[in-house]
Amino acid sequence: MRRVATVIRLRPEKEEEYRALHAAVWPDVLAALHRAHIGNYSIFLRDGLLFSYYEYDGDDLAADLARLAEDETTRRWWLLTDPCQQPVESAAEGEWWAPMEEVFHDGGS
C-alpha cells in the first residue's frame, strides 16, 4: 500500500459549490476510484487549501491514474470540480493537484 497526498487551492467564491458536490459524490466516480485501486480517500480544507490523501493498493499508480483520467464519468465530474480549484504556486508546469512529501508517518502500535 502506498500513501499519496496532494494539495491544490480552492477558489474562495467556489467553496459552497465544491462542498455541495462532495456532499453527494456520484457513485460512478467512487467506483472508478476503486477500480484504480484508490481507497481511504479524503479531502480536507484549511485556509483556502485543499489537501487530499488516499491509499493506493495497485501495482502501477501512473497507469491506474491514466485509466481513471479516461473514465467518461470521472471526466464529467472534473468539468464541475476543476473550475473550483487553482494549482498552488509551487505546482510544476501542467500539474493540477501538486504532490506532497511525506515527512512523518507512524504505522500504528
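All residue numbers for the sequence shown refer to my numbering, where the first residue is 21 and numbers rise by one. Cβ coordinates follow ideal geometry from the N, Cα and C atoms, glycine included.
By the Cβ neighbour-count rule, residue 52 is buried, with 16 or more other Cβ atoms within 10 Å of its own. Within 10 angstroms of the beta-carbon of residue 30 lie 16 or more other beta-carbons, which makes it buried.
Of all C-beta pairs linking the region 22–29 to the region 70–87, three or more are shorter than 8 Å, placing the two stretches in contact.
Between residue 39 and residue 122, the C-beta spacing is not below 8 Å. Taking all protein chains in view, the Cβ of residue 56 is crowded by 16 or more other Cβ atoms within 10 Å, so the residue is classified as buried.
Going by beta carbons, residue 100 and residue 41 fall inside the 8 Å limit. Apart from the 5 residues on each side of it in sequence, residue 58 sits with its Cβ closer than 7 Å to the Cβ of 74, 76 in its chain, given in chain order. Residue 56 sits in coil when the DSSP states are folded into three classes, being neither helix nor strand.
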